[in-house]
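Trainee:
2 protein chains.
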Amino acid sequence: MLKLTKRTEYALTALSHMQSQGEGELTTAREISEKYSISFQLLSKILQHLSKENLIKPIQGAKGGYKLITDLTEISLWQFLEMMEGPLGLVDCIITSECQKMDGCVILSPIHKINKTVQNIFMNIPISDITN
Amino acid sequence: MLKLTKRTEYALTALSHMQSQGEGELTTAREISEKYSISFQLLSKILQHLSKENLIKPIQGAKGGYKLITDLTEISLWQFLEMMEGPLGLVDCIITSECQKMDGCVILSPIHKINKTVQNIFMNIPISDITN
DNA sequence: TTTATACAGGACTAAATGAGTCGTATTAGC
DNA sequence: GCTAATACGACTCATTTAGTCCTGTATAAA
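In order, the protein sequences belong to chains A and B.
In terms of my numbering, the first sequence has 101 at position 101, counting the first letter as 1, and numbering is strictly consecutive.
In terms of my numbering, the second sequence has 121 at position 121, counting the first letter as 1, and numbering is strictly consecutive.
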């Protein structure tokens with residue numbers, strides 16, 4: 001419970017780095033991977049994923065790299081986590097809407113409420129709070 | 001991120017069930033395991049763990065079982081989660097206090113703050129909110 | 001005193017997830 | 001054409017979580 005995946009951690013590090021560069025500046029995967037000692041191949045996939053999600057824009061070829069194309073104040077932590085890790089929920093039945101075994105599940109409703117609480121908080125944290 | 005382990009989920013279910021019994025009543029692992037379709041062996045271990053943590057008291061022998069011996073309004077969700085899953089933190093370095101690789105880690109301090117936020121909220125949720 | 005029922009717990013196996021690697025293809029500047 | 005960059009499927013390896021097996025101990029009741 002609660003721990004970010006390395007993917008998420010690396011993605012935030014990368015975004016933070018890119019944001020610290022000047023507006024419209026290019027950054028390469030190699031550069032970030034070396035600066036923060038992150039596996040180059042792994043980081044590459046993560047940046048590709050961020051591209052698919054339109055947070056950054058890839059420029060291919062020599063002299064290529066990635067450019068930050070999103071205002072990170074506009075993206076909430078909740079959105080970002082779901083982007084990186086898929087749907088979030090304290091228990092499976094919140095995510096899939098179907099209770100596997102427990103017929104008369106006694107804890108779902110209160111769990112659901114706590115889930116909402118966390119969601120509300122995370123929806124009000126822009127990831128720029130982390131990357132700045 | 002965010003998902004409870006089955007251990008935690010089953011523990012909450014068990015506590016909820018025990019609380020719904022009368023004061024000082026005994027409940028067996030078998031009873032709970034059958035009612036909620038939880039593996040008997042697995043649930044047994046969880047109940048043994050709750051005993052070690054002094055939330056419930058085991059009575060051995062025939063006619064034995066477990067008795068709830070704690071006021072669940074006195075135990076916070078944060079405490080309980082750490083009890084069941086060990087130390088909690090968004091990233092490893094919050095838990096172990098040592099940053100593995102990232103020399104100039106750029107995201108630790110804001111992550112730390114978010115961690116605190118969640119911790120504060122969970123410390124103010126008694127698990128009786130879930131088991132009642 | 002035997003039997004049945006309950007907890008205790010170590011050691012193991014299986015399944016799922018997460019982290020990381022390999023190899024090859026594509027794109028574009030010089 | 002060479003070099004430096006992204007793209008990406010397929011794989012391996014490691015870790016964690018979930019669940020099982022087996023044997024032992026305690027105790028109520030017949």
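Note that beta-carbon positions come from the ideal geometry of N, C-alpha and C, so glycine has one too.
Hey, would you say A:Ile107 sits closer than 8 Å to B:Ile130, going by beta carbons?
Mentor: As a working note, residue 107 of chain A is residue 107 in the first sequence. As a working note, residue 130 of chain B is residue 130 in the second sequence. Yes. Within cutoff.
Trainee: At a CB-CB cut-off below 9 Å, which residues of chain A make contact with B:Thr27?
Mentor: To locate residue 27 of chain B, count along the second sequence from 1; it is residue 27. Within 9 Å Cβ-Cβ: nothing; B:Thr27 doesn't reach chain A, min ~13 Å.
Trainee: A:Leu81 touches chain B at which residues, Cβ-Cβ below 7 Å?
Mentor: Translated into positions along the first sequence, residue 81 of chain A becomes position 81. Residues of chain B passing the Cβ test: Met1.
Trainee: Would you list the one or two residues that DSSP bridges to A:Ser76?
Mentor: Within the first sequence, the letter at position 76 stands for residue 76 of chain A. According to DSSP, A:Ser76 bridges with A:Pro126.
Trainee: I need the straight-line Cα distance from B:Asp92 to B:Glu34, nearest angstrom please.
Mentor: On the second sequence, position 92 is the one that residue 92 of chain B refers to. On the second sequence, position 34 is the one that residue 34 of chain B refers to. Taking the straight line from one Cα to the other gives about 37 Å.
Trainee: Would you say B:Pro110 and B:Ser76 are within 8 Å of each other, going by their C-beta atoms?
Mentor: The sequence position of residue 110 of chain B within the second sequence is 110, counting from 1. The sequence position of residue 76 of chain B within the second sequence is 76, counting from 1. Result no, Cβ atoms of B:Pro110 and B:Ser76 do not sit closer than 8 Å.
Trainee: For B:Glu9, is the classification buried or exposed, using 16 other Cβ atoms within 10 angstroms of its Cβ as the cut-off for buried?
Mentor: On the second sequence, position 9 is the one that residue 9 of chain B refers to. B:Glu9 comes out buried.
Trainee: With three or more C-beta pairs closer than 8 Å as the rule, is the segment 62-78 of chain A touching the segment 12-19 of chain A?
Mentor: Yes, the segment 12-19 of chain A touches the segment 62-78 of chain A.
Trainee: Alpha carbons only, please: which of A:Glu31, A:Leu43, A:Tyr36, A:Arg30 is nearest the one belonging to A:Met84?
Mentor: In the first sequence, counting from the first residue as 1, residue 84 of chain A sits at position 84. Taking only the C-alpha atoms, the option nearest A:Met84 is A:Leu43.
Trainee: Curious, which full-length alpha helix (DSSP H) runs of at least 4 residues does the segment 29-83 of chain A contain?
Mentor: Segments of the alpha helix (DSSP H) lying fully in the segment 29-83 of chain A: 29-35, 40-52.
Trainee: Please confirm whether B:Ser97 has its beta-carbon closer than 8 Å to some beta-carbon of chain A.
Mentor: Walking along the second sequence from the start, residue 97 of chain B turns up at place 97. B:Ser97 does not count as touching chain A.
Trainee: Evaluate A:Thr5 with the Cβ neighbour count: other Cβ atoms within 10 Å of its Cβ, from every protein chain shown; 16 or more gives buried, anything less gives exposed.
Mentor: Locating residue 5 of chain A in the first sequence gives position 5, where the first residue counts as 1. By the 10 Å Cβ count, A:Thr5 comes out exposed.
Trainee: Which residues in chain A sit within 8 Å of B:Gly89, going by Cβ to Cβ distance?
Mentor: Here residue 89 of chain B refers to the residue found at position 89 when the second sequence is read from its first residue. Correct list: Leu2, Lys3.
Trainee: Tell me the DSSP bridge mates of B:Thr27?
Mentor: Locating residue 27 of chain B in the second sequence gives position 27, counting from the first residue. BP columns for B:Thr27 point to B:Tyr66.
Trainee: Is it right to say B:Thr96 is buried, meaning 16 or more other beta carbons lie within 10 angstroms of its own, or is it exposed?
Mentor: Sequence index remark: in the second sequence, residue 96 of chain B carries index 96 (1-based). It is exposed - the Cβ of B:Thr96 has fewer than 16 other Cβ atoms within 10 Å.
Trainee: With a threshold of 8 Å on Cβ separation, who are the neighbours of A:Asn124 within its own chain once the five nearest residues in sequence on each side are excluded?
Mentor: Taking the first residue of the first sequence as 1, we reach residue 124 of chain A at position 124. The residues are Ser76.
Trainee: What first and last residue would you give for the alpha helix (DSSP H) that runs through A:Thr13?
Mentor: Within the first sequence, the letter at position 13 stands for residue 13 of chain A. Residues 6-20.
Trainee: Please name the residue, chosen from A:Ala29, A:Glu98, A:Asn54, A:Gln19, that lies closest to A:Phe40 on a Cα-to-Cα basis.
Mentor: Sequence index remark: in the first sequence, residue 40 of chain A carries index 40 (1-based). Measuring from the Cα of A:Phe40, the nearest candidate turns out to be A:Ala29.
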